[in-house]
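Reviewing the structure listed below.
In the numbering used here, the protein residues as written are 11 to 320.
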């Protein structure tokens, strides 16, 4: 189903190796604390507090901040000063995203956080063909917020995820999605788990998939901002197997709230996807569709581990 195309790990100088795993703060105990504070603190105060803590984290963890700066350099065309400035904005934006995400996962109403949804006609058109809809996104803005937007419109959503760094955190986040009527499909590195996803798509369900930072089993090398970039070939594999519609979506935070954007459907020749080269080309086509949107909202492109091969 999903081939085990892999990208060799980059060799890093041991004297200055950047952190390659998520922060140790990303664990169930701290996540529960965030959920509790989101329920108890006023929204404006919790937002200011989160930004203050993000500034402190940024100062106290120069290695992590350097990872963010390095990740921003290609889209900033190598302008390090601008990448440094943007990295500070990114940490602040991520703090606000966390506050909003904790409100969502704690069950608080979040309807007032949305300002608009664009491209809904693209979704309705894709859904009408009864072949399933695969929503594709990247780590841009608050991608988890697509779930409540769809469930409020009567659309049942399944989300493809990897396991979190800790089992307790995985269970905690799956439970939060379930309270909103969103099912989590954890496929991990097992290519045969894709059979269940295909079955859901063939039943005309809606499934969501992240395209960036894929596991090695589903990673192929594409190009983003003129640099080699690892992207998930899973979307192309699922399209080959099910004939589903491919819809890129992204949800950035704006001055007026979160704006959901559904881009035009990515078209493909299903018969041609029998060839691996065609599936890689389709993956690149999807990646290219996101590039201008990522550039527009670079301060919300959340990657805290290295993403560019050395």
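For every residue, glycine included, the Cβ atom is placed at its ideal position computed from N, Cα and C.
Everything numeric in this text was worked out from a predicted model, so none of it was measured.
Distance CB(residue i)-CB(residue j) smaller than 8 Å
| i | j | result |
| --- | --- | --- |
| residue 75 | residue 97 | yes |
| residue 160 | residue 167 | yes |
| residue 254 | residue 141 | yes |
| residue 179 | residue 318 | no |
| residue 157 | residue 187 | yes |
| residue 297 | residue 239 | yes |
| residue 256 | residue 207 | no |
| residue 314 | residue 116 | no |
| residue 145 | residue 251 | no |
| residue 275 | residue 136 | yes |
| residue 261 | residue 104 | no |
| residue 259 | residue 147 | yes |
| residue 273 | residue 129 | yes |
| residue 134 | residue 49 | no |
| residue 152 | residue 263 | yes |
Whole-angstrom C-beta distance between residue j and residue i, which should lie under 8 Å
| i | j | result |
| --- | --- | --- |
| residue 246 | residue 195 | The pair is not a contact, with the Cβ atoms about 18 Å apart (cut-off 8 Å). |
| residue 78 | residue 100 | 6 Å |
| residue 237 | residue 84 | 5 Å |
| residue 106 | residue 162 | So it is not a contact: roughly 22 Å between Cβ atoms. |
| residue 316 | residue 81 | 7 Å |
| residue 290 | residue 243 | 7 Å |
| residue 269 | residue 125 | 5 Å |
Beta-ladder partner(s) of residue i, from DSSP
| i | result |
| --- | --- |
| residue 268 | 124 and 263 |
| residue 222 | 241 |
| residue 216 | 143 and 167 |
| residue 79 | Beta-bridge pairing links residue 79 to no other residue. |
| residue 311 | 150 |
| residue 321 | Limits of the chain in this structure are 11 at one end and 320 at the other, which puts residue 321 out of reach. |
| residue 256 | 144 and 276 |
Distance cut-off 7 Å: residue i Cβ against heavy atoms of the ligand SAH
| i | result |
| --- | --- |
| residue 166 | Questions concerning the ligand SAH fall outside what the structure shown contains, since it holds no ligand whatsoever. |
Any chain D beta carbon closer than 8 Å to residue i
| i | result |
| --- | --- |
| residue 295 | Looking at the structure shown, chain D is missing, and only one protein chain is on hand. |
Proximal residues to residue i (C-beta, below 6 Å), its chain only, five neighbours per side dropped
| i | result |
| --- | --- |
| residue 311 | 150 and 304 |
| residue 205 | none |
| residue 30 | 315 |
| residue 127 | 270 |
8 Å CB neighbourhood of residue i in its chain, flanking five on each side removed
| i | result |
| --- | --- |
| residue 66 | none |
| residue 94 | 79 |
| residue 64 | 101, 102, 104 and 105 |
| residue 132 | 257, 272, 273, 274 and 275 |
| residue 308 | 82, 85, 86, 96 and 100 |
| residue 232 | 238, 239, 240, 241, 290, 293, 294 and 297 |
7 Å CB neighbourhood of residue i in its chain, flanking five on each side removed
| i | result |
| --- | --- |
| residue 92 | 86 |
| residue 230 | 15, 241, 243, 290 and 293 |
| residue 288 | 282 |
(request) Any chance you could list the beta strand (DSSP E) runs of at least 3 consecutive residues sitting entirely within the segment 150-202, in chain order? (result) 167-171 and 192-196
(request) Could you tell me which uninterrupted beta strand (DSSP E) segments, each at least 3 residues in length, are contained entirely in the segment 271-304, listed from first to last along the chain? (result) none
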